[in-house]
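Asker:
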Amino acid sequence: MSSWKWLPSFIFLVCLINLVSIVKSQFPTQISFLYECQNNGNYTSNSPYKTNLDNLLSSVSTNINTNNGFYNNSIGENSDRVNVIALCRADLQPSQCRYYVENATAEILKRCPNQKQAILWHEFCMVRYSNEAIFGILANSPMISGRSGENVTNTDVFYRELDVLLNSLHGHAAFNSSPKKFAAATRGVNDSNHPLISAFEQCTPDT
């Protein structure tokens, strides 16, 4: 049975839970995206909202490293106001963070070409924009999960040990004195395919 890779939104104090590999020195040539185009209205290509969105997203990669890999900003007034949050995985180097965020901000416009709310995740960062306030707001959605594609021989043991590991990380990530608010650990499992489980949790610092 495939093991799960959970990717809830890191916008809120619902932590990113990701069974991760170590970031390699070279950038991956292919990135798998998970995204959600939310149903909260659309914009047109020549609208003030679109102009504000483009300007805001173009500023993310330039500013993402000024606050430890976390960025939020807003542009516009009333119905044309756009809010954005972006977060890099805590173990990225600044150049990697900038690269992946630049890639994600371009990709989110391709995947959600006219929606006023959207969020996009991949292994290394998250980008979200909205016409509603999203900074410092605690919520349980949007949320998404996906399979890693790797198999475990004993699912009961795997999920029991995974649950213990993840629960041990929640408080460390949420109340970490580091501004990046993350925690990582490894736990042994009696499984011939996966004798070790590595887990990483990260929260946005605004909650």
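Note that the sequence shown covers residues -25 to -1, 1 to 182 in mature numbering (1 follows the signal peptide of the UniProt record, and there is no 0). Think of the CB as a built atom: it goes at the ideal place given N, C-alpha and C, for glycine as much as any other residue. No experiment lies behind these values; they were computed from the predicted model shown.
1. Cutting at 8 Å between CB atoms, please list the residues of its own chain near Ala148, excluding the five before and the five after it.
2. Rounded to a whole number of angstroms, what is the C-alpha to C-alpha distance between Lys(-2) and Lys91?
3. Please report how far the alpha carbon of Asn168 lies from the alpha carbon of Val139, in whole angstroms.
4. Measure the Cβ-Cβ separation of Val57 and Gly51 and say whether it is below 9 Å.
5. Looking at the strands, I want to know which residues DSSP matches up with Gly163.
6. Taking only the alpha-carbon atoms, compute the straight-line gap between Ser36 and Arg103 and give it to the nearest angstrom.
7. Span of the alpha helix (DSSP H) holding Gly146?
8. Would you identify the three-state DSSP class for Cys178, choosing helix, strand or coil?
9. In the DSSP assignment, find the beta strand (DSSP E) that holds Cys63 and state where it starts and stops.
10. Measuring only the C-alpha atoms, how far is Ile(-4) from Thr41?
11. What is the DSSP secondary structure of Ser68, counted as helix, strand or coil?
12. What's the C-alpha gap between Ser(-23) and Thr128?
13. Alpha carbon to alpha carbon, how far is Ser34 from Ala174?
14. Go ahead and pull the three-state DSSP assignment for Ala114.
15. Within 10 Å of its beta-carbon, does Glu107 have 16 or more other beta-carbons around it, so buried, or fewer, so exposed?
16. Assuming Asn21 is part of the beta strand (DSSP E), what are its boundary residues?
17. Taking a contact to mean a Cβ-Cβ separation below 9 Å, would you say Glu136 touches Val164 in this structure?
18. Tell me the rounded alpha-carbon separation between Cys72 and Ser49.
19. Of all the alpha helix (DSSP H) runs that stay within the bounds of the segment 65 to 107, which reach a length of 4 or more residues?
Answerer: According to the structure shown:
1. Here residue 148 corresponds to residue number 173 of the sequence shown, with the count starting at 1. Result list for Ala148: Cys(-11), Lys156, Phe157, Ala158, Glu176, Gln177 and Cys178, in chain order.
2. Mapped onto the sequence shown, residue -2 falls at position 24. Mapped onto the sequence shown, residue 91 falls at position 116. Legend: pLDDT at Lys(-2) = 41, less than 50; position of this residue unreliable, no value from coordinates given.
3. In the sequence shown, counting from the first residue as 1, residue 168 sits at position 193. In the sequence shown, counting from the first residue as 1, residue 139 sits at position 164. Answer to the nearest angstrom: the Cα atoms are 19 Å apart.
4. Here residue 57 corresponds to residue number 82 of the sequence shown, with the count starting at 1. Here residue 51 corresponds to residue number 76 of the sequence shown, with the count starting at 1. In this structure, Gly51 lies closer than 9 Å to Val57 by Cβ.
5. Within the sequence shown, the letter at position 188 stands for residue 163. Answer by DSSP bridge pairing, in chain order: Leu171.
6. Sequence index remark: in the sequence shown, residue 36 carries index 61 (1-based). Sequence index remark: in the sequence shown, residue 103 carries index 128 (1-based). Cα-Cα distance, rounded: 13 Å.
7. Indexing the sequence shown from 1 puts residue 146 at position 171. Where Gly146 is concerned, the enclosing alpha helix (DSSP H) stretches over Thr130 to Ala149.
8. The residue you call residue 178 lines up with position 203 of the sequence shown. Of the three classes helix, strand and coil, the one that applies to Cys178 here is coil, per DSSP.
9. For the purposes of this step, residue 63 is identified with residue 88 of the sequence shown, where counting begins at 1. Looking at the DSSP string, the run of the beta strand (DSSP E) that includes Cys63 is Val57 to Cys63.
10. Within the sequence shown, numbered from 1, the residue matching residue -4 stands at position 22. Within the sequence shown, numbered from 1, the residue matching residue 41 stands at position 66. With a pLDDT of 36 at Ile(-4), under the threshold of 50, the predicted position of this residue should be treated as unreliable, and no value is reported.
11. To locate residue 68, count along the sequence shown from 1; it is residue 93. According to the sequence as given, residue 68 is Gln; it is not Ser. Correct three-state label for Gln68: coil.
12. Locating residue -23 in the sequence shown gives position 3, counting from the first residue. Locating residue 128 in the sequence shown gives position 153, counting from the first residue. Confidence at Ser(-23) is low in this model, with a pLDDT of 40, below 50, so the placement of that residue should be treated as unreliable; the coordinate-derived value is given next. Ser(-23) and Thr128: Cα-Cα distance of roughly 10 Å.
13. What you label residue 34 is simply residue 59 of the sequence shown in a count that begins at 1. What you label residue 174 is simply residue 199 of the sequence shown in a count that begins at 1. For Ser34 and Ala174, the distance between alpha carbons rounds to 31 Å.
14. Within the sequence shown, numbered from 1, the residue matching residue 114 stands at position 139. In the structure shown, Ala114 sits in coil (DSSP, three-state: anything other than H, G, I, E or B).
15. Here residue 107 refers to the residue found at position 132 of the sequence shown. The residue is exposed, with fewer than 16 neighbouring Cβ atoms inside 10 Å.
16. Taking the first residue of the sequence shown as 1, we reach residue 21 at position 46. It is not in any beta strand (DSSP E) - Asn21 carries neither H nor E in the DSSP assignment.
17. Stepping through the sequence shown from its first residue, residue 136 is reached at position 161. Stepping through the sequence shown from its first residue, residue 164 is reached at position 189. Yes, they are a contact pair.
18. Position 97 of the sequence shown holds residue 72. Position 74 of the sequence shown holds residue 49. One C-alpha to the other measures close to 21 Å.
19. 69 to 86
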